[in-house]
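Participant: Quick one: structure below, then a few questions.
Numbering (the numbering used here), first residue to last: 78 to 439.
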């Protein structure tokens, strides 16, 4: 497969040269770049679809973004590359890089292209490119850095660590489980979660990003398999707690079958707080009504909307956290799932930056 990867990398680099910004960039574009360059410095922590969706909205307000991505994915193409090549899972990193690119729609079509036959069946082009660049550089973090620069993205994407780690858990009936897939299947029955080895070192650039940040965003994303895995790195969680800046947890729109089934917003926040070592300053939850037909469809899969009620608001305030409710969702039509709800990138980013402006004024 190495020869095939070499061809892909060559073709992709040629594609990138065609996309590089020209010196005589339009005046409006240069003005926009100057405006984005003075935006707030943000560290966004998570993984999966949730983090990449958030990044699409943030990049319209600032280019000073560091996405810190979990590296415990073991499913699909990422899982195969992790097992066969010993690399860190590239899928979530790829999605975040695409999300921060100038023309994310065009790039997404290319990097998300998935082979449907032969030896490469099931692999996406973006994952194979990250594998190829990793082989060329000899290091996953350097490969990610090269991709950040090649695509001239608005910000940067970093794996939380370059050490191989596995998610571990203990269920309420004392069953020890290993791996992201098992954690996801038993999430609503978990009483403890950790990683092995237990003291992996965060990437130095990740810690530096926290030192320079104006705000920390946690989520959205799968609770036990996207958000919390990052916080289980003790040195990273400690650095976050030491940072005297606002920390905002962005709650999911819906529960997830098995992983967070029957959990409410308070329980999500309690798990995040336990992993982080302190309660976030704010939690953002959706207030927009989800159509009944979509709710019914999700109910069939064991998922329910995550709204706040009076009781939850009072508990959250008692925890020392400020609940923020806002219309932050959109409805998307998909080929495989029909109509689904997702965070709206622009709505969510607008809520975050409105909050930041309010804090600055205070």
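From the three backbone atoms N, C-alpha and C, an ideal C-beta is built for every residue, glycine too. A quick note: this is a predicted structure, and the numbers were derived from the prediction, not measured.
Taking three-plus beta-carbon pairs below 8 angstroms as touching, is the segment 176–192 in contact with the segment 221–240?
Facilitator: Contact between the segment 176–192 and the segment 221–240 is present, because at least three Cβ pairs lie under 8 angstroms.
Participant: Enumerate, from N- to C-terminal direction, the unbroken beta strand (DSSP E) stretches of 3 or more residues contained entirely within the segment 139–213.
Facilitator: Counting whole runs of 3 or more residues, the segment 139–213 contains the beta strand (DSSP E) stretches 142–146.
Participant: What does DSSP give as the partner residue(s) for residue 313 in the beta ladder?
Facilitator: Numbered from its first residue, the chain shown carries residue 313 at position 236. For residue 313, which the question treats as bridged, DSSP gives no partner whatsoever.
Participant: Is it the case that the Cβ atoms of residue 385 and residue 342 are separated by a distance below 8 angstroms?
Facilitator: For this step, residue 385 is matched to residue 308 along the chain shown. For this step, residue 342 is matched to residue 265 along the chain shown. Contact: yes.
Participant: CB-CB under 8 angstroms to residue 389, same chain, minus the five flanking residues each way: which ones, in chain order?
Facilitator: One-based indexing of the chain shown puts residue 389 at position 312. Answer for residue 389: 341, 342, 343, 400, listed in chain order.
Participant: Across which residues does DSSP place residue 416 in a beta bridge pair?
Facilitator: The count along the chain shown starts at 1 and reaches residue 416 at position 339. Partner(s): 410.
Participant: So residue 400 is in the beta strand (DSSP E); what residue range does that whole segment cover?
Facilitator: Position 323 of the chain shown, counting from 1, holds the residue named residue 400. 399–403 is the span of the beta strand (DSSP E), which, as asked, contains residue 400.
Participant: Secondary structure at residue 340, three-state DSSP: helix, strand or coil?
Facilitator: For this step, residue 340 is matched to residue 263 along the chain shown. The answer is coil: DSSP assigns residue 340 none of H, G, I, E or B.
Participant: Whole angstroms is fine: what's the gap from residue 312's alpha carbon to residue 373's?
Facilitator: Numbered from 1 along the chain shown, position 235 holds the residue referred to as residue 312. Numbered from 1 along the chain shown, position 296 holds the residue referred to as residue 373. Distance between the alpha carbons of residue 312 and residue 373 is about 42 angstroms.
Participant: Smallest Cα separation from residue 338: which of 326, 299, 304, 350?
Facilitator: Counted from its first residue, the chain shown places residue 338 at position 261. Selected option, being the one with the closest Cα: 299.
Participant: In angstroms with no decimal places, state the Cα-to-Cα distance between residue 131 and residue 121.
Facilitator: For this step, residue 131 is matched to residue 54 along the chain shown. For this step, residue 121 is matched to residue 44 along the chain shown. Near 8 angstroms, if we compare the C-alpha coordinates of residue 121 and residue 131.
Participant: I need the DSSP call for residue 347, collapsed to helix, strand or coil.
Facilitator: Mapped onto the chain shown, residue 347 falls at position 270. Here residue 347 sits in helix by DSSP.
Participant: Assess, as a yes-or-no matter, whether the segment 141–154 is touched by the segment 197–212 under the definition of 3 or more beta carbon pairs within less than 8 angstroms.
Facilitator: Judged by Cβ distances under 8 angstroms, the segment 197–212 makes contact with the segment 141–154, as three or more pairs qualify.
Participant: The beta strand (DSSP E) that contains residue 121, what's its start and end?
Facilitator: Along the chain shown, one-based indexing puts residue 121 at 44. Here the beta strand (DSSP E) through residue 121 covers 119–123.
Participant: Could you give the distance in angstroms between the alpha-carbon of residue 148 and the alpha-carbon of residue 236?
Facilitator: Here residue 148 refers to the residue found at position 71 of the chain shown. Here residue 236 refers to the residue found at position 159 of the chain shown. If you take the alpha carbons of residue 148 and residue 236, they lie about 7 angstroms apart.
Participant: Out of 185, 161, 376, state which residue places its alpha-carbon closest to the alpha-carbon of residue 133.
Facilitator: One-based indexing of the chain shown puts residue 133 at position 56. The candidate whose alpha carbon is nearest that of residue 133 is 185.
Participant: Hey, would you say residue 258 sits closer than 8 angstroms to residue 317, going by beta carbons?
Facilitator: As a working note, residue 258 is residue 181 in the chain shown. As a working note, residue 317 is residue 240 in the chain shown. Not a contact, by the Cβ cut-off of 8 angstroms.
Participant: Taking DSSP's pairing of strands, which residues face residue 243 in a bridge?
Facilitator: On the chain shown, residue 243 is found 166 positions in, with the first residue counted as 1. Bridge partners of residue 243: 273.
Participant: Ignore the nearest five residues each way along the sequence and tell me which others in residue 223's own chain have a CB closer than 6 angstroms to its CB.
Facilitator: Here residue 223 is taken as the residue at index 146 of the chain shown, counted from 1. Around residue 223: 210.
Participant: Would you kindly work out how many angstroms separate the C-alpha atoms of residue 436 and residue 430, rounded to a whole number?
Facilitator: Locating residue 436 in the chain shown gives position 359, counting from the first residue. Locating residue 430 in the chain shown gives position 353, counting from the first residue. Their backbone Cα atoms lie some 10 angstroms apart in a straight line.
Participant: Nearest-angstrom Cα distance between residue 162 and residue 198?
Facilitator: Counting from one through the chain shown, the residue named residue 162 turns up at place 85. Counting from one through the chain shown, the residue named residue 198 turns up at place 121. Residue 162 and residue 198: Cα-Cα distance of roughly 16 angstroms.
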